[in-house]
Amino acid sequence: MIITKKYENFSVVRKTFIGNKILAFLFKRIALRIKKIEDENGVQHVLSNAYVTSLIPNKHYSESYDNLYNTYFSVMDDKELSILIDDFLTEFENYGRYTNFNLLRTYLFAFFIGGWTQMVEHIYKYRSENAGIFYIGSKNDPEYKIIAAIQNTFNEMSFSASVSPQFSDRILEMMGRVLIYLRKKKEIDPRRLLTSFTEKKRAQLVVKNKPRSIVISILEERRFARIAELFRELKGLGYSVILYSALPKRETLRGIKKYPELLECLLLDNDLIDLKEAKEILKMAGRDVNRFFKKIENSPELDKFRYRGVPLAKIAINDLRVVLVHRVMQAALNIHLVERCIKNYNICGFIGMDNSIATAIWMDQCAKKGIPTFFHFYNATVSPIIYRMLLDSYKPTAWILGGKRQLKYFTNCANTEQQNFIVSGDMFADTIVNCNKEQIKKKMKEQKSIPFDKKVAVLISCYIIADFTEAKKKTLFQTVAIAVKELGMELVIKAHPNEDLSVLEKQMKEWDVTASIFHNDNIRDVFLAGDIVCMYNSEAAQQAMLVGIPVLSLVTEEMVPVFDRNWNYYSSGAVCFVPLGNSPLEAIRNIVFDEEYRNELLEKASNYTKEVLGESDGNNAKRFANYVHVY
Numbered sequence: 024m025i026i027t028k029k030y031e032n033f034s035v036v037r038k039t040f041i042g043n044k045i046l047a048f049l050f051k052r053i054a055l056r057i058k059k060i061e062d063e064n065g066v067q068h069v070l071s072n073a074y075v076t077s078l079i080p081n082k083h084y085s086e087s088y089d090n091l092y093n094t095y096f097s098v099m100d101d102k103e104l105s106i107l108i109d110d111f112l113t114e115f116e117n118y119g120r121y122t123n124f125n126l127l128r129t130y131l132f133a134f135f136i137g138g139w140t141q142m143v144e145h146i147y148k149y150r151s152e153n154a155g156i157f158y159i160g161s162k163n164d165p166e167y168k169i170i171a172a173i174q175n176t177f178n179e180m181s182f183s184a185s186v187s188p189q190f191s192d193r194i195l196e197m198m199g200r201v202l203i204y205l206r207k208k209k210e211i212d213p214r215r216l217l218t219s220f221t222e223k224k225r226a227q228l229v230v231k232n233k234p235r236s237i238v239i240s241i242l243e244e245r246r247f248a249r250i251a252e253l254f255r256e257l258k259g260l261g262y263s264v265i266l267y268s269a270l271p272k273r274e275t276l277r278g279i280k281k282y283p284e285l286l287e288c289l290l291l292d293n294d295l296i297d298l299k300e301a302k303e304i305l306k307m308a309g310r311d312v313n314r315f316f317k318k319i320e321n322s323p324e325l326d327k328f329r330y331r332g333v334p335l336a337k338i339a340i341n342d343l344r345v346v347l348v349h350r351v352m353q354a355a356l357n358i359h360l361v362e363r364c365i366k367n368y369n370i371c372g373f374i375g376m377d378n379s380i381a382t383a384i385w386m387d388q389c390a391k392k393g394i395p396t397f398f399h400f401y402n403a404t405v406s407p408i409i410y411r412m413l414l415d416s417y418k419p420t421a422w423i424l425g426g427k428r429q430l431k432y433f434t435n436c437a438n439t440e441q442q443n444f445i446v447s448g449d450m451f452a453d454t455i456v457n458c459n460k461e462q463i464k465k466k467m468k469e470q471k472s473i474p475f476d477k478k479v480a481v482l483i484s485c486y487i488i489a490d491f492t493e494a495k496k497k498t499l500f501q502t503v504a505i506a507v508k509e510l511g512m513e514l515v516i517k518a519h520p521n522e523d524l525s526v527l528e529k530q531m532k533e534w535d536v537t538a539s540i541f542h543n544d545n546i547r548d549v550f551l552a553g554d555i556v557c558m559y560n561s562e563a564a565q566q567a568m569l570v571g572i573p574v575l576s577l578v579t580e581e582m583v584p585v586f587d588r589n590w591n592y593y594s595s596g597a598v599c600f601v602p603l604g605n606s607p608l609e610a611i612r613n614i615v616f617d618e619e620y621r622n623e624l625l626e627k628a629s630n631y632t633k634e635v636l637g638e639s640d641g642n643n644a645k646r647f648a649n650y651v652h653v654y
């Protein structure tokens with residue numbers, strides 16, 4: 024949902040699917056099917072801002088967005104909407120085939136009924152008089168039509184303004200019953216809560232020792248580099264570190280493998296109960312989850328919303344049922360786990376790095392015990408909505424920020440007398456300062472048999488998803504490969520950690536692109552092997568800037584203002600921009616071989632990173648750890 028000028032009417036806001044590229048497909052299909060606006064430039068402006076990663080300050084924005092809704096959605100009848108949904112799902116099958124299609128179907132359905140999956144995930148966080156995930160939009164929205172159809176057959180919900188308190192209460196009641204069951208269940212050995220990677224470490228988990236511990240929550244694999252730096256500093260201050268990872272086990276292990284010092288951390292394991300047992304617990308608690316879906320599943324009003332002849336509700340209902348059970352159980356288990364961890368271990372502080380239900384629960388439970396909490400935020404987004412949402416959602420002891428830009432945006436959105444903001448710098452910068460660059464560069468080049476003195480271009484890859492179509496990926500790879508070859512340079516590909524290598528290799532063969540591939544290697548080390556980094560849109564650009572490698576961004580021109588990261592890079596001159604489809608030959612030549620131009624670009628990048636990510640003096644993690652220690 025996009026939140027416009029109605030924001031001030033709501034004290035709690037959840038921006039369901041802002042930043043999710045799913046919306047890109049939806050708006051593109053609307054643009055193709057409905058041609059009611061004659062002003063082509065106006066349409067382009069509206070479309071390029073309708074699915075922004077986060078809202079770019081623009082005085083014309085709200086007016087444009089309202090124009091899109093009022094003009095497009097108000098003229099859509101049920102048949103047109105049904106065709107739109109069918110095309111939307113077909114697009115996902117065509118371009119999202121490397122992702123979990125069942126999950127996408129679930130999210131699609133959840134999006135159209137007001138964000139159920141997001142609601143359940145965050146219901147614990149918003150359990151107040153204003154509990155619920157707010158639906159903000161026009162009655163002309165296509166999703167509102169489906170909501171209205173659901174509302175007629177499921178009167179416990181009222182999505183016109185927000186999720187009904189009655190429904191919120193039922194979710195909380197279900198969660199409460201699960202917690203009661205867990206608390207009455209046979210006592211679980213606290214050592215089951217904490218696991219590690221070696222028997223030696225497991226043997227050390229004796230509750231009576233109770234060392235002073237700091238809990239760090241991690242939701243994304245790219246956080247591991249920062250956590251490794253922070254861990255070393257906290258260890259030096261005498262703390263043990265408990266790592267709570269909400270990542271799949273394989274991704275957690277992959278991150279630990281890159282930073283083996285984290286083997287000394289205790290890994291918090293919340294997989295105490297599987298989904299099958301979760302369903303049994305719900306039944307024993309007196310709540311059969313099927314009751315939540317019975318009326319919706321049999322609703323004749325939803326039959327008209329079909330995908331290849333099958334009602335959309337019936338396609339997604341099983342997936343959504345599983346998601347609901349999982350989310351309720353996950354929230355209950357998180358509360359249960361946090362309570363036990365605080366009870367059995369000497370927790371001295373909690374550090375959250377991600378917007379998640381786990382972070383909210385940890386902060387809430389720690390606050391009850393007087394344990395200080397910290398939220399580390401270093402994102403470069405310019406959206407005031409993001410900052411307001413975070414300020415509404417979390418009340419840490421202190422916000423520890425990357426650079427002055429985050430401080431500026433937070434203080435513009437908050438009552439500074441009630442919030443404590445500290446600028447410590449981005450800890451990823453420490454990994455650059457505190458390493459032997461020449462040694463790493465030599466090692467990485469030797470790994471791929473590249474002569475040490477040969478110029479190297481690093482191309483950031485990604486799997487096919489949302490706006491990054493296979494056609495765009497092909498164009499990106501081919502244009503860069505041709506330019507690099509003509510300049511006598513070496514091309515290496517940095518694959519996304521979750522990218523299927525067999526798919527990538529097949530694509531490169533079909534596109535006649537020859538290059539060495541780095542997959543699960545430390546991205547810092549890959550960048551240090553390069554002389555230029557080429558990419559579509561990625562936060563990795565900031566990491567490249569910190570490393571001191573110039574960046575070339577290749578996106579379609581209309582996408583520059585859409586992704587706030589690209590907008591930041593481009594508007595500050597921190598990266599060189601070439602429209603996707605144009606030859607990047609001259610740009611690469613200038614960046615790599617024109618020393619004056621290269622130094623000018625690197626200087627702008629350095630100014631950008633200082634503003635957004637703080638100082639690069641190698642002491643950011645030390646400052647962070649000292650702030651935590653003082654509290």
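For what it's worth, our numbering labels the leading residue of the sequence shown as 24, then goes sequentially. Positions of the beta carbon are idealized from the N, C-alpha and C atoms, including for glycine.
Nearest-angstrom Cα separation, counted from I614 out to S576: Distance between the alpha carbons of S576 and I614: 12 Å.
Cα-Cα separation, M558 to S539: Distance between the alpha carbons of M558 and S539 is about 16 Å.
Uninterrupted alpha helix (DSSP H) stretches inside the stretch 463-531 (no shorter than 4 residues): List check, alpha helix (DSSP H) in window: 493-509.
Buried versus exposed call for L289 [16 or more other C-beta atoms within 10 Å across all chains shown]: By the neighbour-count rule (16 or more Cβ atoms within 10 Å), L289 is buried.
Proximity below 8 Å, CB of K508 to CB of V481: For K508 and V481, no; Cβs fall outside 8 Å.
Enclosing alpha helix (DSSP H) for Y432 [first to last residue]: K427 to C436 is the extent of the alpha helix (DSSP H) around Y432.
Neighbourhood of R235 by C-beta distance below 6 Å, restricted to the same chain and skipping five residues each side: Same-chain partners within the cutoff: Y262, N369 and C371.
Sufficient close CB pairs (3 or more, under 8 Å) joining the stretch 594-610 to the stretch 522-541: Flag = no, the stretch 594-610 and the stretch 522-541 do not touch.
Contact check, I423 vs H399, beta carbons under 8 Å: Between I423 and H399, the C-beta spacing is below 8 Å.
Proximity of I374 and F397 at Cβ, strictly below 8 Å: Judged by their CB atoms, I374 and F397 are nearer to each other than the 8 Å cut-off.
8 Å contact criterion, which M450 and D548 should meet: CB distance rounded: No, M450 and D548 are not in contact; Cβ-Cβ is about 17 Å, not under 8 Å.
Under the three-state DSSP convention, the category D192 falls into: In this prediction, D192 scores a pLDDT of 47, lower than 50, which makes its location untrustworthy; the coordinate-derived value is nonetheless stated afterwards. Three-state result, D192: helix.
Other residues of its chain near P395: CB distance less than 7 Å, five sequence neighbours each side excluded: So the qualifying residues of the chain are G372, T420 and Y654.
At least 3 beta-carbon pairs within less than 8 Å: the stretch 442-449 vs the stretch 498-506: Between the stretch 442-449 and the stretch 498-506 there are fewer than three inter-stretch CB-CB distances shorter than 8 Å, so the stretches are not counted as touching.
Three-state class that DSSP yields for S181 in the structure shown: Because the pLDDT at S181 is just 28, under 50, the model does not fix this residue reliably, and the value given afterwards should be weighed accordingly. Here DSSP, grouped into helix, strand and coil, assigns S181 to coil.
Residues near Y282 by beta carbon distance below 6 Å, same chain, minus five either side: Cβ contact annotation for Y282 (same chain, cutoff 6 Å, sequence separation greater than five): F247 and A251, in chain order.
Residue range of the unbroken alpha helix (DSSP H) whose run includes N369: For N369, no alpha helix (DSSP H) segment is defined; the enclosing uninterrupted segment is the beta strand (DSSP E) at N369 to G375.
Euclidean distance between Cα positions of F475 and N367: Distance between the alpha carbons of F475 and N367 is about 53 Å.
The alpha helix (DSSP H) enclosing I672, as first and last residue numbers: In the structure as shown, the chain begins at 24 and stops at 654. Residue 672 is therefore absent and cannot be evaluated.
Identity of the residues DSSP links to H399 by a beta bridge: DSSP lists I423 as partners of H399.
Residue interval of the alpha helix (DSSP H) (run including R255): Residues F247 to G259.
Segment limits, beta strand (DSSP E) that includes S606: Looking at the DSSP string, S606 is not in any beta strand (DSSP E), and its letter there is neither H nor E.
I25 versus Y410 - alpha carbon distance: Note that I25 scores a pLDDT of 28, beneath 50, so its modelled location is shaky; the value from the coordinates is reported in the next line. Whole-angstrom Cα-Cα distance: 15 Å.
Bridge partner(s) assigned by DSSP for R235: DSSP lists N369 as partners of R235.
Extent of the continuous beta strand (DSSP E) to which M558 belongs: First-last of the beta strand (DSSP E) with M558: I555 to M558.
Span separating the alpha-carbon of S565 from that of T632: One detail in the question is off: residue 565 reads as Gln in this sequence, not Ser. Straight-line measurement puts the Cα of T632 at about 7 Å from the Cα of Q565.
Three-way DSSP call (helix, strand, coil) for V578 in this model: Judged by DSSP in its simplified three-state form, V578 adopts strand.
Beta-ladder partner(s) of Y267, from DSSP: The bridge partners DSSP lists for Y267 are S240 and L291.
Start and end residues, beta strand (DSSP E) containing V446: Start and end: F444 to V446.
C-beta contact flag for L285 and L270 at 8 Å: Not a contact, by the Cβ cut-off of 8 Å.
Test item: CB-CB of V556 and I483 under 8 Å: Taking C-beta atoms as the reference points, V556 and I483 count as a pair closer than 8 Å.
Buried/exposed call for E513, threshold 16 Cβ in 10 Å: Counting Cβ neighbours within 10 Å, E513 comes out buried, since at least 16 surround it.
Alpha carbon of E562 to alpha carbon of V361, nearest angstrom: Rounded to whole angstroms, E562 and V361 show a C-alpha spacing of 31 Å.
Buried versus exposed call for F616 [16 or more other C-beta atoms within 10 Å across all chains shown]: By the Cβ neighbour-count rule, F616 is exposed, with fewer than 16 other Cβ atoms within 10 Å of its own.
Of the residues N378, G426, N642 and Q388, the one placed nearest L413, counting alpha carbons only: Comparing Cα-Cα distances from L413 to each of N378, G426, N642 and Q388, the minimum goes to N378.
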